[in-house]
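Here's the structure, in structure tokens; my notes come after.
Residue numbers (our numbering), protein chains in the order written: chain Y, 26 to 241; chain P, 26 to 241.
Below you can see the structure in the form of structure tokens.
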């Protein structure tokens with residue numbers, strides 16, 4: 026089996042959010058798709074290990090914030106690569122409440138859902154949600170997973186269904202050494218040589234310090 | 026609820042295929058996503074009214090051909106907008122058998138799956154398939170649903186989850202009258218005025234004759 030075939034499936038980049046006993050929480054996700062049109066339902070796949078999975082079961086509600094190409098890529102870092110169990114992820118981004126659910130303000134659209142069914146797999150739950158409310162927040166092209174990979178140069182966390190263990194870095198046309206964030210995979214390509222960046226430089230995706238960057 | 030928010034979800038363009046008592050059949054689909062990575066599983070959503078839905082139940086196997094931007098857009102017409110019950114859709118496209126399942130040769134990649142679970146909704150079945158085989162067929166960017174809409178200018182058939190009844194045609198920057206295929210929505214934008222096209226002109230997407238085109 027050639028696992029590269031899986032990379033040809035197209036996805037968006039989303040924040041799936043809900044409440045954890047009155048505290049907003051959520052995680053990044055790629056696997057969201059509309060299932061029926063009337064009534065409108067969507068399916069969302071969330072890893073069992075993601076704290077958000079349990080919170081969706083507890084509340085029976087979830088929201089999907091659809092990130093756009095112009096959404097701050099730091100949102101992906103704020104909601105990915107760390108657990109909502111120990112982090113107040115919503116503290117790091119501008120948010121608001123729509124139809125009683127927390128959403129990310131810098132998304133291009135959102136959907137608020139009531140959980141109506143679920144399908145279990147070995148590592149993920151596919152949640153089926155009836156859409157109670159939806160709106161467009163700003164005019165933007167939705168961020169695709171390909172855009173995140175190819176333009177922002179991020180990679181998948183290990184609990185994403187799209188994670189491929191032998192994932193290879195994107196080939197660069199220039200032979201110069203690059204520095205990559207060892208947490209989220211972001212590749213620094215600024216004009217200032219990486220070594221000359223200030224000590225308080227942090228990864229624009231996941232917010233980790235300069236020290237976690239490794240030479241590629 | 027603003028249904029335009031649903032259009033910000035990202036999808037690819039796929040042909041989901043299987044056998045119908047020894048005859049290859051299939052349908053177009055947008056809703057395919059990977060669920061687990063090891064073992065690799067994918068979820069595919071298919072309308073109850075699609076003949077392929079029953080055939081997948083009967084055989085317990087299905088394949089997904091992932092269309093690329095350079096795949097012939099006529100494939101979308103061959104597999105959409107008409108039923109596999111009455112049409113030998115695979116007669117119209119070059120195909121081959123991989124791991125005992127029919128696939129579209131002009132796709133950029135394929136996945137062959139064993140049906141392991143399903144979730145029912147009011148109009149669609151979400152099939153969960155364990156991937157038995159997968160490969161890349163050619164180097165191409167996968168065709169996204171946005172590309173299909175914005176570049177090829179196709180629209181959704183009525184039994185697609187992404188269908189929106191009040192769907193508006195893509196705004197054109199030029200005020201000249203356009204002709205659109207009333208079956209699949211393809212908008213003719215060639216340099217030769219539509220009226221001057223030969224009588225045997227057919228829609229490049231769905232293959233319908235010139236007579237089904239309507240002035241917009």
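By construction, the Cβ of each residue, glycine as well, lies at the ideal position given by its N, Cα and C atoms.
In this structure residue 205 of chain P touches residue 238 of chain P by the C-beta definition: roughly 7 Å separates them, less than 8 Å. Secondary structure at residue 233 of chain P: coil, using DSSP grouped into helix, strand and coil. In summary, no residue of the stretch 95 to 115 of chain P has a CB separated from any CB of chain Y by less than 9 Å. Secondary structure of residue 74 of chain Y (DSSP, three-state): coil. Of all residues in the stretch 120 to 153 of chain Y, the ones placed with a Cβ closer than 7 Å to any Cβ belonging to chain P are 133, 134, 135, 136, 142, 144, 146, 147, 148, 149, 151 and 153, in chain order.
Taken atom to atom, the span from the alpha-carbon of residue 124 of chain Y to that of residue 140 of chain Y is near 14 Å. With distances taken between CA atoms, residue 75 of chain Y lies nearest to Y/50 out of Y/50, Y/46 and Y/210. With 16 or more neighbouring CB atoms inside 10 Å of its own CB, residue 78 of chain Y falls in the buried class. Chain Y places no beta carbon closer than 7 Å to that of residue 90 of chain P, leaving this residue out of the contacts. Classified as buried, residue 149 of chain P has 16 or more neighbouring CB atoms from the shown chains inside 10 Å of its CB. Looking at the DSSP output, residue 153 of chain P sits in a beta bridge with P/68 and P/142. With 16 or more neighbouring CB atoms inside 10 Å of its own CB, residue 56 of chain Y falls in the buried class. Only buried fits residue 45 of chain P, as 16 or more other CB atoms lie within 10 angstroms of its CB. For the stretch 84 to 122 of chain Y, the continuous alpha helix (DSSP H) assignments of 4+ residues that do not extend past its boundaries occur at 99 to 104, in sequence order.
Neighbourhood of residue 159 of chain Y in chain P, by CB distance below 9 Å: 26, 27, 28, 29, 30 and 31, in chain order. With the rule of 3 Cβ pairs closer than 8 Å, the stretch 129 to 136 of chain Y counts as touching the stretch 88 to 106 of chain Y. Proximity of chain Y to residue 42 of chain P at the Cβ level (cut-off 9 Å) is not reached, the minimal Cβ distance being about 15 Å. Under the three-state reduction of DSSP, residue 208 of chain Y is assigned to coil, being neither helix nor strand. Restricting attention to Y/184, Y/116 and Y/114, the CA atom closest to the CA of residue 59 of chain P is found in Y/184.
Per DSSP, residue 54 of chain P is one residue of the beta strand (DSSP E) stretching across 48 to 54. In chain order, 37, 57, 58, 59, 67, 91 and 167 make up the part of chain Y whose C-beta sits under 8 Å from the C-beta of residue 34 of chain P.
When C-alpha distances from residue 97 of chain P are compared across P/222, P/66, P/39 and P/63, the shortest belongs to P/39.
Partner residues in a beta bridge of residue 125 of chain P, as assigned by DSSP, do not exist. Counting along the chain, residue 36 of chain P sits inside no beta strand (DSSP E), nor does DSSP assign it H or E at all. Here residue 118 of chain P is buried, its C-beta having at least 16 other C-beta atoms within 10 Å.
Boundaries of the beta strand (DSSP E) around residue 60 of chain Y: 57 to 62. Membership of residue 219 of chain P in any beta strand (DSSP E) is not indicated, and neither H nor E is assigned to it by DSSP. Take residue 172 of chain Y, set aside five residues on each side of it, and the residues of its chain with a beta-carbon closer than 7 Å to its own are 94, in chain order. In the three-state scheme derived from DSSP, where H, G and I count as helix and E and B as strand, residue 28 of chain P is classed as helix. According to DSSP, residue 240 of chain P shares a beta bridge with P/204. The DSSP-derived three-state label of residue 135 of chain P is strand. Of all C-beta pairs linking the stretch 143 to 158 of chain P to the stretch 155 to 163 of chain Y, fewer than three are shorter than 8 Å, placing the two stretches out of contact.
A distance below 6 Å between beta-carbons, with the five flanking residues on each side excluded, links residue 177 of chain Y to the following residues of its chain, in chain order: 98. With a threshold of 16 other beta carbon atoms within 10 Å, residue 37 of chain Y meets it and is buried.
Just so you know, the alpha carbons of residue 33 of chain Y and residue 167 of chain P end up roughly 6 Å apart.
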